[in-house]
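Under my numbering, the first residue of the sequence shown carries the number 2, and numbering increases by one thereafter.
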Amino acid sequence: MRLPGMPSVEIVFAALLLSSASIAASAANLANGERINGVCAFCHGMFGQGTPSMLAPRLADLPEWYLRKAIGDFKNHVRMDPLMMRTTGMDKMSESDIEDISAYLSTIGLSQDPAFNIEMRTGSVEAGEDLFMDDCKTCHGKDGFGIERKDAPPLAGQQHEYLQSTIELFKERKRHHDNDPEDETFDDYSPQDLTDILAFVATLDNQRFKPGFRFEPAVARKKPTPEADRPTAFDNSVMQIVDIRQTMAKMPISSTVTVDEAISAMRSRAYDLNLRVVGEQHISSEQRSRGINARYLTVLQFCSPSDSHTLINANPIFAGYMPCRIAIVEDAQSKLWLVMFNLDIMVDSSLLPPDVVETAVRINRSMLSIMASGATGEF
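(1) In the DSSP assignment, find the beta strand (DSSP E) that holds Cys325 and state where it starts and stops.
(2) Measuring alpha carbon to alpha carbon, tell me which residue in Pro317, Asp136, Asp179 is nearest Asp152.
(3) What does a CB cutoff of less than 6 Å around Glu183 pick up in its chain, not counting 5 residues either side in sequence?
(4) Between Asn294, Met267, Arg296, Cys325, which has its C-alpha nearest Pro381's C-alpha?
(5) Taking the beta strand (DSSP E) that Gln288 falls in, what are its first and last residues?
(6) Can you tell me whether Asp230 is buried or exposed, with buried defined as 16 or more other CB within 10 angstroms of its CB?
(7) Strictly by DSSP, which residues pair up with Glu281?
(8) To the nearest angstrom, report how far apart Phe303 and Arg277 are at their CA atoms.
(9) Assess contact between the region 126-139 and the region 44-52, defined as three or more Cβ pairs (one per stretch) separated by less than 8 Å. Is contact present?
(10) Give me the Cβ distance between Leu111 and Ala373, rounded to the nearest whole Å; I'm assuming they're in contact under 8 Å.
(11) Going residue by residue through the region 100-143, where are the continuous alpha helix (DSSP H) segments of at least 4 residues, counting only ones entirely within it?
(12) According to the neighbour-count rule (16 or more other Cβ atoms, all chains shown, within 10 Å of its Cβ), is Pro192 buried or exposed?
(13) Taking the DSSP output, what are the residues bridged to His178?
(14) Could you tell me whether the Cβ atoms of Asp114 and Phe214 are closer together than 8 Å?
(15) Determine, using beta carbons only, whether Thr248 and Asn343 come nearer to each other than 8 Å.
(16) Please state whether DSSP places Ala373 in a helix, a strand or coil.
(17) Name the DSSP bridge partner or partners of Val340?
(18) Quick check: Met134 and Ala250, are their CB atoms within less than 8 Å of each other?
(19) Helix, strand or coil for Thr360, going by three-state DSSP, please let me know.
(20) Report yes if the CB atom of Thr204 is closer than 8 Å to the CB atom of Val126, and no otherwise.
(21) Taking Gly378 as the reference, which of Asp136, Met252, Gln334, Ile198 has the closest Cα?
(22) Is there contact between the region 96-109 and the region 27-44, where contact requires at least three CB pairs shorter than 8 Å?
Here's what the structure looks like:
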């Protein structure tokens, strides 16, 4: 019997779940999670908001259990993304690092802000709901926010471009459902069916919106706590956004790679990707020739005439991004770095028509691949 005023078992249980989630987040080192997120930000955004143009999913506010699982799957080669593994050093993450970045991303809190709404302007929501309730809700939940015991991630609030690309991986048997590796569900769907499902999924995140709420990165601005000093084996100098506006990215050159080897590797990789090296300025050499003691600085310029033509035709303002540049620069500790403009800013610009976005995405990933080749000396 429940006495008057006593909360129901369901309410108590829900409160316990929320409490345990808060305890888990507080036990993690959020400051370390923020540092590690500097590596993820190049593709997924400073606050884990995702970048549809790069097919980089939204990570913000995903549950910790799923983030831990996803990182583990990449570390254990269950899922593959060679470029991500080369540029992030994810394989070197310790268990505590995984705990910290998962907790940090899960507590960012932008899912309550209508400004981050996932919208899809094609497809039938009604038809998609029928299909979703028939085949998807059993694992992903009728609200689309996932079911932990089935290792089924949330679909609500996820970029639909990323979901579409993931569906293609399932259809090509390059990804598999954990609870049914032989699942052939997607084989039965027409392209219109999939569009309708994604149209319905795009409505599911609306239930978490709070009228008038505006996202502020409070977690990112928290003052360091004593737990921030906890040692971490993860070196987030592999690659990171270097300022809050996400305008630049940098990557260290391996101590076993010489400058000449880095330049040679970048030239070779650019050739493989049909990008020309159209300029090379040895700025520090010029300074030293004048008797000035200058740190090492060389700038390489890359360009594809056909891609440049496509972008300029879309909008002449993009001439300002050309040619793409990667600088090799020496810091005060004599460490060599590769630095380049974060071209994702160009990709996400509303000035690009949809049919040109694919070109911008390819350029962005090509430059990141060239940068990774220079850092490792491999191509």
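Note that the Cβ used here is the ideal one computed from N, Cα and C, for glycine as well. Remember, predicted model here, so these are calculated numbers, not experimental data.
So, to answer that:
(1) Counting from one through the sequence shown, the residue named residue 325 turns up at place 324. 325-331 is the extent of the beta strand (DSSP E) around Cys325.
(2) Working through the sequence shown from its first residue, we reach residue 152 at position 151. Closest by alpha carbon: Asp179.
(3) Counting from one through the sequence shown, the residue named residue 183 turns up at place 182. Nothing listed; no residue qualifies.
(4) A question about residue 381 goes unanswered here, because the residues of the chain that appear run from 2 up to 380.
(5) For the purposes of this step, residue 288 is identified with residue 287 of the sequence shown, where counting begins at 1. Counting along the chain, Gln288 falls outside any beta strand (DSSP E), though it belongs to the alpha helix (DSSP H) covering 284-290.
(6) Here the question's residue 230 lines up with position 229 in the sequence shown. Any reading at Asp230 needs caution, since the residue's pLDDT is 48, under 50, leaving its predicted position unreliable; the model's value is listed next. It is exposed - the Cβ of Asp230 has fewer than 16 other Cβ atoms within 10 Å.
(7) To locate residue 281, count along the sequence shown from 1; it is residue 280. According to DSSP, Glu281 bridges with Leu301.
(8) Taking the sequence shown and counting its residues from 1, the one referred to as residue 303 is at position 302. Taking the sequence shown and counting its residues from 1, the one referred to as residue 277 is at position 276. Rounded to whole angstroms, Phe303 to Arg277 spans 5 Å at the Cα level.
(9) no
(10) Taking the sequence shown and counting its residues from 1, one reaches residue 111 at position 110. Taking the sequence shown and counting its residues from 1, one reaches residue 373 at position 372. Going by Cβ atoms, the distance from Leu111 to Ala373 rounds to 29 Å, so no, they are not a contact pair.
(11) 126-136, 138-141
(12) Here residue 192 is taken as the residue at index 191 of the sequence shown, counted from 1. It counts as exposed.
(13) By 1-based counting over the sequence shown, the position of residue 178 is 177. Per DSSP, Asp181.
(14) Translated into positions along the sequence shown, residue 114 becomes position 113. Translated into positions along the sequence shown, residue 214 becomes position 213. Yes; because the gap between Cβ atoms is below 8 Å, this pair is in contact.
(15) What you label residue 248 is simply residue 247 of the sequence shown in a count that begins at 1. What you label residue 343 is simply residue 342 of the sequence shown in a count that begins at 1. Their beta carbons are under 8 Å apart, which means Thr248 touches Asn343 by this criterion.
(16) In the sequence shown, counting from the first residue as 1, residue 373 sits at position 372. Ala373 falls in the helix class under three-state DSSP.
(17) As a working note, residue 340 is residue 339 in the sequence shown. Its beta-bridge partners are Lys251, Ala328.
(18) Numbered from its first residue, the sequence shown carries residue 134 at position 133. Numbered from its first residue, the sequence shown carries residue 250 at position 249. Against a cut-off of 8 Å, the Cβ pair of Ala250 and Met134 comes out as no contact.
(19) Translated into the one-based positions of the sequence shown, residue 360 becomes position 359. Thr360: helix per DSSP, three-state reduction.
(20) Here residue 204 corresponds to residue number 203 of the sequence shown, with the count starting at 1. Here residue 126 corresponds to residue number 125 of the sequence shown, with the count starting at 1. Their beta carbons are under 8 Å apart, which means Thr204 touches Val126 by this criterion.
(21) The residue labelled residue 378 in the question sits at position 377 within the sequence shown. Of the listed residues, the one whose Cα sits closest to Gly378 is Met252.
(22) yes
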